[in-house]
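Taking it in order: structure first as C-alpha cells, then the write-up.
Residue numbers (the UniProt record's numbering): 1 to 222.
Here you go:
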C-alpha cells in the first residue's frame, strides 16, 4: 500500500503524489479517471499528478479526496493489457547507433540482435509525443548512455535504448537516444480509439524482420 500521508505535493490547481510501485500507478489511473473528480490524470514513472477545478474544490479538499481515492483504488485489481509483439528491422540505415550500443553491452551485432529479441519489456509510460512509449525491462541491459550530441531528426518508428529502457518514437522529432532499429508499426493513429497502439503496463517483445518485409508493411499503412 502507498503511504499517501507523505510525498503529496500541491499547487494552485494540481496535486502530485509519489507512488513507488509502477503497476499501482497504472492500476490507479483508470480508477481516478472514472471517479470524475479530476480534469486530468497524468501518470509518471514514480508518481501520479491530477489537475482539479480550483473554482469548485479547494486545495485542501482535493488533497483529502485524492488520498481517499488512492487508498480505495489500490484495492481494485486491474489486469495488464494483452502482450504485443512488435516487428523491428535492424537494417544499418535504421540502426545508426547499433555499433556503439553493442560495444557498451559486450555483444557482436549478431548476438545483440538475438539477445534484444529475447528481452521482456513492459510499457512504463507514454509521453514526450503522442504515442511515444517508454519500455522498461527487469533484465540486465548494461549501461548504454545517451548520445553526446542529440540528433535534430529521428525518424518515426525508431527504437532507442538507454540503460534498462527502450523507447519508441511515434513521430519524427529531435532526440538523444541511441537508435538500434525501426518498427513499421503505427504507434499513434488519431482515427482509432484509443489512438495509442501501446498502453501502460502492456508486455512487449520484439521480433526481427528484414528490410523487404519492413518496406512491404510500411507500404500497407494507411
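Yeah, the Cβ is synthetic: ideal placement off N, Cα and C, and Gly gets one too. Note that the structure is predicted; figures quoted are calculated from it, not measured.
| Query | Result |
| --- | --- |
| For residue 220, three-class secondary structure by DSSP | coil |
| Identity of the residue in 118, 167, 50 nearest residue 13 by Cα | 50 |
| Alpha carbon of residue 221 to alpha carbon of residue 184, nearest angstrom | 9 Å |
| 4 or more residues per run - each alpha helix (DSSP H) lying fully within the segment 67-102 | none |
| Selected residue, minimal CA-CA separation from residue 194, among 121, 219, 130 | 130 |
| Straight-line Cα distance separating residue 40 from residue 210 | 41 Å |
| Alpha helix (DSSP H) segment containing residue 122, residue limits | No alpha helix (DSSP H) holds residue 122; the beta strand (DSSP E) holding it covers 121-126. |
| Residue 15 versus residue 67 - alpha carbon distance | 11 Å |
| Residue 125 vs residue 43 beta-carbon contact at 8 Å | yes |
| Rounded straight-line distance, which links the Cα of residue 121 to that of residue 205 | 6 Å |
| Span separating the alpha-carbon of residue 207 from that of residue 8 | 41 Å |
| Reduced DSSP secondary structure (H/G/I, E/B, other) of residue 5 | With a pLDDT of only 44 at residue 5, under the threshold of 50, the placement of this residue in the model should not be trusted, and no figure is reported. |
| Residue span of the beta strand (DSSP E) that contains residue 168, given as start and end | 165-168 |
| Strand pairing of residue 18, partner residues [DSSP] | 47 |
| Cβ-based neighbour list, residue 218, same chain, cut-off 8 Å, excluding 5 preceding and 5 following | 184 |
| Any C-beta of chain B under 8 Å from that of residue 212 | This model lacks chain B altogether; it includes just one protein chain. |
| DSSP-derived helix/strand/coil call for residue 25 | helix |
| C-alpha gap between residue 89 and residue 148, whole angstroms | 24 Å |
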